[in-house]
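Below is one structure, written out as structure tokens, with a few remarks after it.
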Amino acid sequence: MALNTNIPTDAGVQQSRNIIGRLVDDSRELPTSHSELGSIQLSINEIRRRAHELRSNKDESSDHSKAHYLLAASGLPLQDIDSSLQELKPKQILEQIVPRFQGSNLDAYLVNKKNESILFSIEHLLTDASHDFNNFVDDNLKMNWKDFENDVRGRFGINSNIKEMSNNDILESSKDHTPPSWGAKDSSVLNNGTSKVDVNANQLVREKFESYAKIIYLFNNSRISSSKFSLTAECLKLLEARSDFRTKHMLEAWKFLDSYDKSHGRAVSSKKYLEKQFFEYVDNLYKNKINEGLPTNINKITSFIQNKLRNSNGTWKTPNLMIVNGTPIWALIFYLLRAGLVDDALEVLFNNKSSFKKMEHSFIKFFKAYASSSTQELPSELSNELHTEYNQHIKSSLDGDPFRLAVYKIIGRCDLTNKNIPEVTMSIEDWLWLHLTLVKENYSNTDPIYEKFSLKDFQDIVTSYGSSKFPNQYLQVLLLSGLFELAIDYAYHINEMDAVHLAIGFANNGLLKVQTESSTMPELVSMGQQGYLLDFARLLGNYTKSFRYSDPRIASEYLSLIALVDDDKLVKICHAALRELVLETNEFSILLGRVNRDGSRVHGVIEERLQLLKLADENQFLHTITEQAARKADDDGRLFDSLLLYQLSEEYNIVISIINDILGGLLSNSDLQQNILEAEVNSVNDQQNPLILAGNLVNIYFANPEISKQISVKNRESCFLLLKLAEIRTAFQKSEWQYLLSQVEDLDILPFTGGQTIRRKAQEFSTLNANIMKCIPNLLVMTMTSISKLIHSLRESSFASVSIAQQISSLKTVAKNCMIYAGMIQYKMPREVYSVLIDLDVSLEIF
Numbered sequence: 000m001a002l003n004t005n006i007p008t009d010a011g012v013q014q015s016r017n018i019i020g021r022l023v024d025d026s027r028e029l030p031t032s033h034s035e036l037g038s039i040q041l042s043i044n045e046i047r048r049r050a051h052e053l054r055s056n057k058d059e060s061s062d063h064s065k066a067h068y069l070l071a072a073s074g075l076p077l078q079d080i081d082s083s084l085q086e087l088k089p090k091q092i093l094e095q096i097v098p099r100f101q102g103s104n105l106d107a108y109l110v111n112k113k114n115e116s117i118l119f120s121i122e123h124l125l126t127d128a129s130h131d132f133n134n135f136v137d138d139n140l141k142m143n144w145k146d147f148e149n150d151v152r153g154r155f156g157i158n159s160n161i162k163e164m165s166n167n168d169i170l171e172s173s174k175d176h177t178p179p180s181w182g183a184k185d186s187s188v189l190n191n192g193t194s195k196v197d198v199n200a201n202q203l204v205r206e207k208f209e210s211y212a213k214i215i216y217l218f219n220n221s222r223i224s225s226s227k228f229s230l231t232a233e234c235l236k237l238l239e240a241r242s243d244f245r246t247k248h249m250l251e252a253w254k255f256l257d258s259y260d261k262s263h264g265r266a267v268s269s270k271k272y273l274e275k276q277f278f279e280y281v282d283n284l285y286k287n288k289i290n291e292g293l294p295t296n297i298n299k300i301t302s303f304i305q306n307k308l309r310n311s312n313g314t315w316k317t318p319n320l321m322i323v324n325g326t327p328i329w330a331l332i333f334y335l336l337r338a339g340l341v342d343d344a345l346e347v348l349f350n351n352k353s354s355f356k357k358m359e360h361s362f363i364k365f366f367k368a369y370a371s372s373s374t375q376e377l378p379s380e381l382s383n384e385l386h387t388e389y390n391q392h393i394k395s396s397l398d399g400d401p402f403r404l405a406v407y408k409i410i411g412r413c414d415l416t417n418k419n420i421p422e423v424t425m426s427i428e429d430w431l432w433l434h435l436t437l438v439k440e441n442y443s444n445t446d447p448i449y450e451k452f453s454l455k456d457f458q459d460i461v462t463s464y465g466s467s468k469f470p471n472q473y474l475q476v477l478l479l480s481g482l483f484e485l486a487i488d489y490a491y492h493i494n495e496m497d498a499v500h501l502a503i504g505f506a507n508n509g510l511l512k513v514q515t516e517s518s519t520m521p522e523l524v525s526m527g528q529q530g531y532l533l534d535f536a537r538l539l540g541n542y543t544k545s546f547r548y549s550d551p552r553i554a555s556e557y558l559s560l561i562a563l564v565d566d567d568k569l570v571k572i573c574h575a576a577l578r579e580l581v582l583e584t585n586e587f588s589i590l591l592g593r594v595n596r597d598g599s600r601v602h603g604v605i606e607e608r609l610q611l612l613k614l615a616d617e618n619q620f621l622h623t624i625t626e627q628a629a630r631k632a633d634d635d636g637r638l639f640d641s642l643l644l645y646q647l648s649e650e651y652n653i654v655i656s657i658i659n660d661i662l663g664g665l666l667s668n669s670d671l672q673q674n675i676l677e678a679e680v681n682s683v684n685d686q687q688n689p690l691i692l693a694g695n696l697v698n699i700y701f702a703n704p705e706i707s708k709q710i711s712v713k714n715r716e717s718c719f720l721l722l723k724l725a726e727i728r729t730a731f732q733k734s735e736w737q738y739l740l741s742q743v744e745d746l747d748i749l750p751f752t753g754g755q756t757i758r759r760k761a762q763e764f765s766t767l768n769a770n771i772m773k774c775i776p777n778l779l780v781m782t783m784t785s786i787s788k789l790i791h792s793l794r795e796s797s798f799a800s801v802s803i804a805q806q807i808s809s810l811k812t813v814a815k816n817c818m819i820y821a822g823m824i825q826y827k828m829p830r831e832v833y834s835v836l837i838d839l840d841v842s843l844e845i846f
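Numbering-wise (numbering that gives the first Met the number 0), the sequence shown opens with residue 0 and increments by one.
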């Protein structure tokens, strides 16, 4: 057999050994983790930079230039270093190691494999760490750094002990499948706008808020019980008790709503309201005139004319009036119509027909047809005849009575291109009424285009004028012209609290056209295919901003009103708003109820409003509100919130799954020296430790057959295993090494016996529950530590015996099995864990 000419001579080997020995002796003087100099900790960026410099220089002529400083103190000639290192071939190293393990090829293999693993780990550590970090940044950190700086610092544990993990860190890491919710939020009902209301600004505002809130509460109660309750009447009563200027206009708005008749339509209802309002004004004036005859309608209007149309010297303010028996006859007819007294106007015509001019006699038949019509419209024949008379005699009359012109225009809807008659419209209300009387919604194909004047046409006139044309009365103008949505928006900018409740009143009467899609537009009103649309949901959501935390019960009452408008999309928005309220305020027990220690559930205030939320029963409520809120909390990484919400929604299998996540995160991510019984978190009813919480829930759920059958076998087994691991963790902290090993052996997860068991356990590792799997590294460390401590204790014993030697041998066998197992799964564990295991394994040989 040919000799290997690369093998150095014995003298060369001995010289190399001497050089390395001197290096080892000198290295002991270098700072260690136990020296007074402390440890040096570099950031990832610094490590990466230095590694890059080393890699970039590895092809240079002197590969060991950086080591010169390290070896300078040894006194070694630098020219001898390269040749010495070349002589240390793997074969010689192996030859020196093998004799220590004679008769055990497996031991030699393990030692060699260990050295290779250490070198491999060091080589790939920086590259993998850099790669993982970059991937994490790309996948998860889609955020605004300035806005979330504090959050990020807290989540990464900056300025905290690196070995002591906080409860939040544990919770974050226990939900590996949930990405951080630092990016863009979903559309929000509660936070999709601004609100200037502060219900706690002062005592007066607070009292007003509470008064309104009480009305809403009673209103919602009545909707469930079907008892008699008038929202409009209660709000009128509240506003009548106040006397400020703004309240006066809001009071008029509620009066308009109170008199509104949906059977008439917007134009007719507004016209009738103006007529009623005018007659009440006339009637109040007449009460002060005790010497003006019987209180008939005609006498009241006559008295009003005498007071309003006469100057102080007895002359008439308006020229060319036709006077009959001291009264302007056409003005009397006009104001009777203005007060809605059509029959009284017809009576005046009949009683004074002899006083009219010959050409005006035919007007009586026109007016009679008008008064007898349910829609106050003339038949086409009479309409054409009236139009002819109007165009030939009335319209062009230079000395004509302006009130006669107005009455002809009203009865026949004449000359709609010129609707204004300044001489007779002495107030904005008169102007509104005159235009509303000329509005006609239902046209025939034969109607000429110039005689068409719809409510939409009138609304366009109002909006084109804007608020500057109607100082201090624009709210009333918008309401009376049927622009309810714009009226709410205008009132909102004057007094948000009053506007919100006015909107509720109109919505309750079915008079609001509302937006059913979520919008990011800043305006509350948008234009849709059917006209203006009010974002009713956002209006209510914004209003709750200042009291949803202080008064979550009241906030839920208002948000349930989103479903007041009968629309499926709005009902879903209402449910979403209530879920947001639950998650934002964390007032779970108030809003959704609570779970007693016996597992029974107590209803919250939202569930008391099932009927208002268009939910059929309790099960639908649990699914639509509570369970969906739990899913949202889970998606946002709010583990304990989702736990409570899933309990309330009676999703017991998910509850145990979350408990497993919590325990898995706690056991795998906290330092082994940290007392896991000291961590307090929010539980169902009070502050409890995760382990205590898990134990309580297990006792409750598994003792109840109805609940227990809903929990999967896999979740149940995982929960018991995790609780067992927690017990092992407690034994580790108490240094109960023998008890710990017995409990680990009972788990039957680690291979305490050799042979095929090791390979089988390594193969079973991938089939374990994820929460159990991530606890294995710590379980290995605790097991190896316990073995190390026990061997050390046995060797320190003053009694040397065969029994002690056998115990030590048995413990080493278990350690060897665990290390083989660890070697098979090492790349499924954190790299630093395997390094700790190697150190523990090496320590067994030192003892």
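Heads up, the beta-carbon is just placed ideally off N, CA and C, and yes, glycines get one too.
In this text, all values refer to a predicted model and were calculated from it rather than measured experimentally.
Anyone know if the C-beta pair for residue i and residue j falls short of 8 Å?
i, j, result
"serine 555", "valine 196", "no"
"leucine 385", "phenylalanine 365", "yes"
"histidine 263", "lysine 275", "no"
"serine 796", "isoleucine 803", "yes"
"aspartate 855", "tryptophan 329", "Outside the displayed span of the chain (0 to 846) sits residue 855, for which this structure offers no information."
"proline 750", "asparagine 659", "no"
"isoleucine 691", "tyrosine 651", "no"
"asparagine 777", "leucine 671", "yes"
"leucine 740", "threonine 782", "yes"
"serine 590", "proline 551", "The question names serine, but residue 590 is leucine in the sequence shown. Yes."
"leucine 273", "glutamate 388", "no"
"leucine 577", "isoleucine 553", "no"
"lysine 418", "histidine 434", "yes"
Which residues does DSSP list as the beta-bridge partners of residue i?
i, result
"glycine 530", "Gly527"
"asparagine 430", "Residue 430 is actually tryptophan in this sequence, not asparagine. Paired residues: none, contrary to the question."
"glycine 592", "His602"
"tryptophan 315", "Arg309"
Consult DSSP for residue i and reduce its assignment to one of helix, strand or coil.
i, result
"threonine 326", "strand"
"histidine 574", "helix"
"tyrosine 473", "helix"
"glycine 509", "coil"
"arginine 547", "coil"
"aspartate 146", "Any reading at aspartate 146 must be qualified, since the residue scores a pLDDT of 46, below 50, and its modelled position is unreliable; the value itself is stated next. Coil at aspartate 146, not helix or strand."
"leucine 293", "coil"
"alanine 72", "A caution first: alanine 72 carries a pLDDT of 39, below 50, which makes its placement in the model unreliable, though a value can still be read off. Helix, per DSSP."
"proline 829", "coil"
"serine 172", "The pLDDT assigned to serine 172 is 42, lower than 50, so where the model puts this residue is not dependable; a value taken from the coordinates is nonetheless given after this. If DSSP states are grouped into helix, strand and coil, serine 172 belongs with the helices."
"cysteine 774", "coil"
Considering only the alpha carbon of each residue, which of the options lies closest to residue i?
i, options, result
"methionine 772", "Leu690, Ser734 and Leu662", "Leu662"
"threonine 623", "Ser648, Ile214 and Arg728", "Ser648"
"leucine 621", "Arg593, Gly504, Leu479 and Tyr489", "Arg593"
"isoleucine 847", "Trp432, Phe505, Asn668 and Pro689", "Nothing about residue 847 can be read from this structure; the chain reaches only from 0 to 846."
"tryptophan 430", "Ile448, Ser443, Thr193 and Val461", "Val461"
"alanine 628", "Leu348, Arg608, Leu666 and Phe587", "Phe587"
"threonine 519", "Ile503, Leu538, Ser353 and Phe228", "Leu538"
"tyrosine 548", "Val198, Ser466, Lys288 and Gln742", "Val198"
"leucine 767", "Leu273, Val564, Lys827 and Asp534", "Lys827"
In the DSSP assignment, the alpha helix (DSSP H) including residue i goes from what residue to what residue?
i, result
"tyrosine 645", "638-647"
"glycine 540", "535-542"
"arginine 728", "712-732"
"aspartate 633", "627-634"
"threonine 812", "801-824"
"glutamate 251", "244-258"
"isoleucine 410", "401-411"
"glutamate 705", "704-707"
"phenylalanine 218", "202-224"
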